[in-house]
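Read through the structure below, which is laid out as structure tokens, and then see the notes.
Number of protein chains: 2
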Amino acid sequence: MTSERHPRTIEWLGDRVRLIDQTRLPHELVLKEIADYREIAESIRRLEVRGAPAIGVAAALGIALAALASGGSIDALRGDVRRAADELASTRPTAVNLRWAVDRMLGVLDDPSLGAPDAVRDGLVQESLAILEEDRELSRRIGANGAALIDDGDGVLTHCNAGGLATAEYGTALAVIYAAVEQGKNVRVFVDETRPLLQGARLTTWELMQRGIDVTLLVDSAAASAMARGWVDKVLVGADRIARNGDVANKIGTYPVALAAREHGIPFYVAAPYSTLDPSLPGGGEIPIEERAAEEVTAVQGVRTAPAGVRAWNPAFDVTPARLVEAIVTDVGVFRAPYENSLFARPRASKA
Amino acid sequence: MTSERHPRTIEWLGDRVRLIDQTRLPHELVLKEIADYREIAESIRRLEVRGAPAIGVAAALGIALAALASGGSIDALRGDVRRAADELASTRPTAVNLRWAVDRMLGVLDDPSLGAPDAVRDGLVQESLAILEEDRELSRRIGANGAALIDDGDGVLTHCNAGGLATAEYGTALAVIYAAVEQGKNVRVFVDETRPLLQGARLTTWELMQRGIDVTLLVDSAAASAMARGWVDKVLVGADRIARNGDVANKIGTYPVALAAREHGIPFYVAAPYSTLDPSLPGGGEIPIEERAAEEVTAVQGVRTAPAGVRAWNPAFDVTPARLVEAIVTDVGVFRAPYENSLFARPRASKA
């Protein structure tokens, strides 16, 4: 596997978390070291760390920090950790990986075999590191499972950032591209800039350029034109939550890309860890969609663009219906419609 | 008709042209007075004046300026005016109104009844003023013809700016909304910000707010989500060129909006002067699509967003196939498919 060309997205330093402040990319590579779980929560809210898998990892490490900071009785420790878990779980509503990682950590807290505060603290730290390491391994498996979908010479369009910066390392949609490139396939990547927060322009281009992959940036609304010109052979995106029927919540703008792909007969692939699946939700209509501040739309990187006082609607995600999704690439395999059957035909993968 | 809430987009001051520098909106209302046609050309290139009808008017007035500045013989005058016409016509390739206005001006230059330089100069000035006045009247007719398509309580989505700022006054797509509002209909308008140059965020919101119309700004890629939520009853956009078969070139991002509208059963209307029709082109594939500088994508209002050295593709327009267009609203009537028949079923309207 190709090693990363930059520091890892998020790391555990024994008593602190180190993460790349992604709001400063691509202009500055700023590493933050954080010892307080509340700062982890703030980093998630501010999108310093973002991407569904990466925020799951960040929340787990944040809970480990909260455990280390709690010095009292086992009851005090449990209370402190639950408070931290609640705060971290509430930072962003759409990505299911966040809730999943928090629940895994709470499972350790409730483990009856761990009685002493030190044992619980140690168990929480170990579980958070397991989540971090598993995420790296999941990304590699996603890449390996998806690489066969990419042909030599393909033009691949992606939206937002589903790369190494969205995970502990390597990525989801970009993991597939990286794995295909490692197999010697020539791939040109078209990157939607991804308004409002420009994760495509700022992060995906940066990742791809660091790896020497051919990249062309375009505004989100030009994706359909690139398809009309015959430049796009495949679309590959990540996911923040996948409902039981295969409906996919992902960054705002994914749905119109899927509509355009269907119009042009281009396969639209979703790549995500299997843990992105939320079997509790029958369809995409039940996925909570985060709405963020109007200022993300009315200003660009701090420069105001729209008139003062204008109302703006700023949904962070949209839902792509399963019927537009050619396949879902996960760490445990590639699934195709009907998803309600295929996604549940095999048991959940064991831990990596 | 409602009077404008701001100075007119472009005016003739007898020996100068006054125009709103739209690159400064909405933060500053800057009026430029221009006596040299080369500065008109530069204003068109820099999008200080933009919108297909408005740049046609600007080019006509620019030719009038060139005529006034030419003091020599009739041959020298004709040479000077042709040079100015060539430069102005080449500023932007997609909008057909520009070529149409220039050709009308050249018709005066070639009028055999005008022999003396003063008569030609005067004829050119009068023709440019006629084009300006006709454009105002065309906008009002477009509004009147289209208002019946809008129902009380409608949510209308628009892309880019097809308002008073895109024409001499009043607009095309927005003229329809203004006329509907004047009929007492309640209309909520959803405005795509329209990357890369944010004409929706900067100009359309500003125009609508000045008129007290309910406006919600959204990123371009959220339009499909607004439709999925049932908020959008109609889509209304302008056009830069319409081919013989009804294919429509308009601001980049129009085509994916049309695809999303069809998906949600929402009528997609185009509003434009009949002169936007280019009967010389059988289909949209023949419309030249202007590609602009990468910097418009890699930076936002001068703030760099993408990594240095990234390649960007920046088409200024896209083509929406006629099959996605419910109707084309013009100054001479409302046309429906099949456009090849309907658009040519009636003779070209006489001058206003």
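For the protein sequence lines, the chains are A and B, in the order given. 39 is the number of the first residue of the first sequence in our numbering; add one for each residue after it. 39 is the number of the first residue of the second sequence in our numbering; add one for each residue after it. Glycine included, C-beta positions come from ideal geometry on N, C-alpha and C. From a predicted model like this one, the values you see are computed outputs, not experimental measurements.
Rounded to whole angstroms, what's the CA-CA distance from Met247(B) to His44(B)? Just pull it up for me. 11 angstroms
In terms of residue numbering, what span does the beta strand (DSSP E) encompassing Glu71(B) cover? First-last of the beta strand (DSSP E) with Glu71(B): Leu69 to Ile72.
Specify the secondary structure class of Ile280(A) as computed by DSSP and reduced to three states. strand
Cross-chain neighbours of Arg240(B) in chain A, by beta carbon under 7 angstroms: Thr343 and Ala344
Using 8 angstroms as the Cβ pair cut-off and three pairs as the minimum, do the stretch 303-310 of chain B and the stretch 268-285 of chain B touch? A contact exists between the stretch 303-310 of chain B and the stretch 268-285 of chain B.
Partners in chain B for Thr254(A), counting only beta-carbon separations shorter than 9 angstroms: Neighbours of Thr254(A) on chain B, chain order: Val348, Arg349, Ala350 and Trp351.
Among Ala262(B), Ala133(B), Thr368(B) and Leu103(B), nearest to Val119(B) - alpha-carbon criterion: Nearest C-alpha to Val119(B): Leu103(B).
Which chain B residues sit within Cβ distance under 7 angstroms of Ile290(A)? Within chain B, Val257, Ser259, Ala260 and Ser263 have C-beta atoms less than 7 angstroms from the C-beta of Ile290(A), given in sequence order.
For Arg62(B), I'd like the list of residues in its chain whose CB is within less than 7 angstroms of its CB, leaving aside the five on either flank, ordered along the chain. Val68
Closer than 8 angstroms at the beta carbon, the chain A residues around Leu297(B): Ala262, Pro294, Leu297, Ala298 and Glu301
At a CB-CB cut-off below 8 angstroms, which residues of chain A make contact with Gln339(B)? Val338, Val341 and Thr343
Rounded to whole angstroms, what is the Cα-Cα separation between Ile327(A) and Lys289(A)? 10 angstroms
With distance defined between alpha-carbon atoms, name the residue in Pro64(A), His65(A) and Arg46(A) nearest to Arg56(A). Arg46(A)
So which residues of chain B does Thr47(A) contact, with C-beta pairs closer than 9 angstroms? Chain B residues near Thr47(A): none, gap ~17 angstroms exceeds 9 angstroms.
Arg130(A) versus chain B: which residues are under 8 angstroms apart at the beta carbon? For Arg130(A), there are no neighbours in chain B by C-beta distance under 8 angstroms, as the nearest C-beta there is about 18 angstroms away.
Check whether the stretch 175-182 of chain A and the stretch 133-153 of chain A are in contact - that is, three or more C-beta pairs closer than 8 angstroms. no
Once the 5 residues before and after Val163(B) are set aside, which same chain residues still bring their CB inside 6 angstroms of it? Within its own chain, the residues whose Cβ lies closer than 6 angstroms to the Cβ of Val163(B), once the five positions on either side in sequence are excluded, are Ala102, listed in chain order.
Name the DSSP beta bridge partners of Pro382(B), please? The sequence given here places Phe at residue 382(B); Pro does not occur at that position. Phe382(B) pairs with nothing; no bridge assigned.
Hey, out of Ser81(B), Pro294(B), Thr243(B) and Glu334(B), whose CA is closest to Ile58(B)'s CA? For Ile58(B), the closest C-alpha among the options Ser81(B), Pro294(B), Thr243(B) and Glu334(B) is that of Ser81(B).
Buried/exposed call for Pro376(A), threshold 16 Cβ in 10 Å: exposed
Find out if the Cβ-Cβ distance for the pair Val146(B), Glu171(B) is shorter than 8 angstroms. Not a contact, by the Cβ cut-off of 8 angstroms.
Could you tell me the alpha carbon to alpha carbon distance between Met265(A) and Asp190(A), rounded to whole angstroms? 18 angstroms
Along the chain, where does the alpha helix (DSSP H) that runs through Ala287(B) open and close? First-last for Ala287(B): Val286 to Lys289, but that is the beta strand (DSSP E), not the alpha helix (DSSP H).
Residue span of the beta strand (DSSP E) that contains Ala365(A), given as start and end: Boundaries of the beta strand (DSSP E) around Ala365(A): Ala365 to Thr368.
With a threshold of 8 angstroms between beta carbons, is Met143(A) in contact with chain B? no
Below 8 angstroms, can you find three or more Cβ-Cβ pairs linking the stretch 340-347 of chain A to the stretch 229-248 of chain B? Between the stretch 340-347 of chain A and the stretch 229-248 of chain B, the count of C-beta pairs closer than 8 angstroms reaches three or more; the two stretches touch.
Please decide whether Arg233(B) counts as near chain A, where near means a Cβ-Cβ distance under 8 angstroms. yes
Starting from Ala127(B), trace the alpha helix (DSSP H) in both directions and tell me its first and last residue. Ile112 to Ala127
Using a threshold of 8 angstroms, state whether the C-beta atoms of Pro131(A) and Pro294(B) are closer than that. no
Using a Cβ-Cβ cutoff of 8 angstroms, what residues of the stretch 349-377 of chain B are near chain A? List them in chain order. Arg349, Ala350, Trp351, Asn352, Pro353, Asp356 and Val357
Proximal chain A residues relative to Leu236(B), where beta-carbon distance stays under 9 angstroms: Ordered by position in chain A, the residues that pass the 9 angstroms Cβ test against Leu236(B) are Val338, Thr343 and Ala344.
Beta-carbon separation of Ala260(B) and Pro91(A) under 8 angstroms? no
Anything in the stretch 60-81 of chain B with a Cβ closer than 8 angstroms to a Cβ of chain A? List those residues in chain order, please. The stretch 60-81 of chain B vs chain A, Cβ under 8 angstroms: Pro64 and His65.
Give the single residue among Val140(B), Ser380(B) and Leu255(B) whose Cα lies nearest to the Cα of Val370(B). Ser380(B)
Val341(B) classed as buried or exposed, judged by whether at least 16 other C-beta atoms fall within 10 angstroms: exposed
Run of the alpha helix (DSSP H) containing Asp156(A), from where it starts to where it stops: Pro155 to Gly184
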